[in-house]
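2 protein chains.
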Amino acid sequence: MAVAPTRPSVTVEVRVALKPGVLDAEAENIEKSLSLLGVRPAPKVRTARVYDLVFEGLSEEDARARAQEAADRLLANPVIHTVRVVAQPD
Amino acid sequence: MAVAPTRPSVTVEVRVALKPGVLDAEAENIEKSLSLLGVRPAPKVRTARVYDLVFEGLSEEDARARAQEAADRLLANPVIHTVRVVAQPD
């Protein structure tokens, strides 16, 4: 009996950040704290949340589509978030 | 009077993730939620927090060193976190 070739796992990175103009309170607090800690020059800070989704047995294209679905339905709010979805074959 | 050449800004990405073996409750809840939402096959999930630090007037090497300092002193807890620091010249 022929054995189907096994696909490697595919990791898709979903990066959820706040849209420009949306208050990033955590970033502002980090800027203040770094300044108080004496890190000079204090940098501008932007924060983002990253979700690595590891799919087994899917093509890269299918894994990317599932990850986009996960972002649309659960991980991000299109009113305030930008989303970047990048597939990274293992 | 000679004008000093202006350096471009340097963005350093600090990626803070939980060490293997540390409970990632958010990731577990996302896995359950995706399964309940019917995303098949449900992926394994890992979460991370990303801080983009934008430095003005520093070399890439200096910016990377400042970002590492920020991670060590403020952004990460070495007991539970792994940190990756990557400079990305603009």
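Protein sequences appear in the order of chains A and B.
Mapping of the first sequence onto this note's numbering: residues 203 to 292, in sequence order.
Mapping of the second sequence onto this note's numbering: residues 203 to 292, in sequence order.
Glycine included, each C-beta is placed from N, C-alpha and C at the ideal position.
Review point. Roughly how many angstroms lie between the CA atoms of residue 237/A and residue 274/B, to the nearest whole one?
Key: 15 Å
Practice item. Select from the region 277-288 of chain B all residues with a C-beta closer than 9 Å to any C-beta belonging to chain E, and list them in chain order. Key: Among the chains of the structure shown, chain E does not appear; the protein chains present are A and B.
Exercise for review: Please go through the same chain and pick out, in chain order, the residues whose beta-carbon is closer than 7 Å to the beta-carbon of residue 277/B, but skip the five residues on each side of it.
Suggested key: Closer than 7 Å at the Cβ level, and outside the excluded window around residue 277/B, lie 216, 218 and 253.
**Study point:** Against chain B: residues of the region 260-277 of chain A by CB proximity under 9 Å
**Key:** 260, 265, 268, 269, 271, 272, 275, 276 and 277
**Study point:** Beta bridge counterpart(s) of residue 251/B as assigned by DSSP
**Key:** 251/A and 218/B
Practice item. Could you tell me whether any Cβ in chain A is nearer than 9 Å to the Cβ of residue 249/B? Key: yes
Review point. Roughly how many whole angstroms lie between the Cα atoms of residue 210/B and residue 241/A?
Key: 19 Å
Review point. When the distance is taken between beta carbons, is residue 289/B closer than 9 Å to residue 262/B?
Key: yes
Check your understanding: Quick one: what's got a C-beta closer than 7 Å to residue 282/A's C-beta in the same chain, skipping five residues either side?
Key -> 220, 221 and 224
Point to revise | Nonlocal neighbours in the same chain, by C-beta distance under 6 Å from residue 247/A, ignoring five residues either side | key: 229, 232 and 233
Check your understanding: Should residue 227/B be flagged as near chain A, meaning a C-beta pair shorter than 9 Å?
Key -> Not flagged as an interface residue toward chain A: residue 227/B, since no C-beta distance is shorter than 9 Å.
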